[in-house]
Structure formats: C-alpha cells, structure tokens
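Participant: Straight run, no breaks: the sequence shown in this note's numbering ends on number 125. Where is the CB? At the ideal position from N, CA and C, for every residue including glycine. Here the structure is a predicted model, which means the values were calculated and not measured. Okay, here's the structure, questions in a sec.
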Amino acid sequence: VQLQASGGGFVQTGGSLRLSCAASGSIYRLNTMGWYCQAPGKQREVVAVITSGGSANYADSVKGRFTISRDNAKNTMYLQMNSLKPEDTAVYYCNVRQIMGDYWGQGTLVTVSS
C-alpha cells in the first residue's frame with residue numbers, strides 16, 4: 012500500500028487549505044483512513060479519521076474548522092482545513108488502517124503564519 016499526501020503549504024491565520032491523500036496498492040474494502048499531525052518537538056497526534064462507511068471523528072482542537080472526507084471509488088481522502096491557526100502548523104500525515112496492516116504516507120507540511 013502506498014499513500015501520497017499533497018496540498019500542504021504556507022497560509023496566513025484564518026486561511027484555508029485542502030489536503031489530499033491518494034492510496035494505491037492492496038486497499039481493502041473496509042478500512043479506516045485518517046489524518047495525523049506532528050508539530051516540531053511534539054508527538055504525532057490524530058486530527059481526524061473516517062471509516063469506509065463515512066463515519067468521521069475529529070480532535071477537539073479542529074472540530075468545526077476541519078472536514079474529513081473520502082472518495083472510495085478513487086481511494087482518496089481529503090481534509091478541508093478552514094480558519095487555520097498558527098497552532099495548526101505541523102507535518103500532516105495520512106494513514107490507512109485495515110486488516111492487512113497500518114500504512115503511512117510521507118507527510119505534507121502546513122505552515123500557518125500569525
């Protein structure tokens with residue numbers, strides 16, 4: 012399984028970005044996809060996850076600002092990030108968790124200036 016994340020960049024406070032994660036290889040029909048972030052000096056933490064059935068959960072810090080979605084036909088996941096804050100600055104990683112294992116993409120950097 013290969014995951015390719017894209018869409019990161021530099022944005023000012025209050026701006027928006029849309030991250031994409033394209034999955035390829037042996038993608039099982041039932042899985043959970045998610046976005047995680049890791050800020051400098053901190054541990055990686057969950058941002059949002061979504062099941063193949065479309066059920067989503069969010070970290071409290073992003074509720075109401077970020078929206079996770081997926082297109083199962085394209086094996087692609089998205090993260091719409093609105094009202095960005097400097098504390099959202101981090102490397103964002105996409106993840107697929109399925110019966111065969113746990114897979115990570117290479118990460119995409121999001122920088123929010125104050």
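Is the stretch 55-65 in contact with the stretch 78-86, if contact means three or more CB pairs nearer than 8 Å?
Facilitator: yes
Participant: DSSP on Ser130, reduced to helix/strand/coil?
Facilitator: Shown here, the chain extends from 12 to 125; a query on residue 130 therefore has no answer.
Participant: With 16 as the cutoff for other CB atoms within 10 Å, does Tyr39 come out buried or exposed?
Facilitator: Here residue 39 refers to the residue found at position 28 when the sequence shown is read from its first residue. Burial call: exposed.
Participant: If we count the other Cβ atoms within 10 Å of its Cβ and call it buried at 16 or more, is Asp99 buried or exposed?
Facilitator: For this step, residue 99 is matched to residue 88 along the sequence shown. Buried is the call here.
Participant: Among Val121, Ser124 and Gly116, whose alpha-carbon lies nearest the alpha-carbon of Ala16?
Facilitator: As a position in the sequence shown, residue 16 is number 5, starting the count at 1. When each option's Cα is compared against that of Ala16, the closest is Gly116.
Participant: For the beta strand (DSSP E) that contains Val22, what are its first and last residues?
Facilitator: Within the sequence shown, residue 22 is the residue found at index 11, counting from 1. Note, Val22: beta strand (DSSP E), Gly20 to Gln23.
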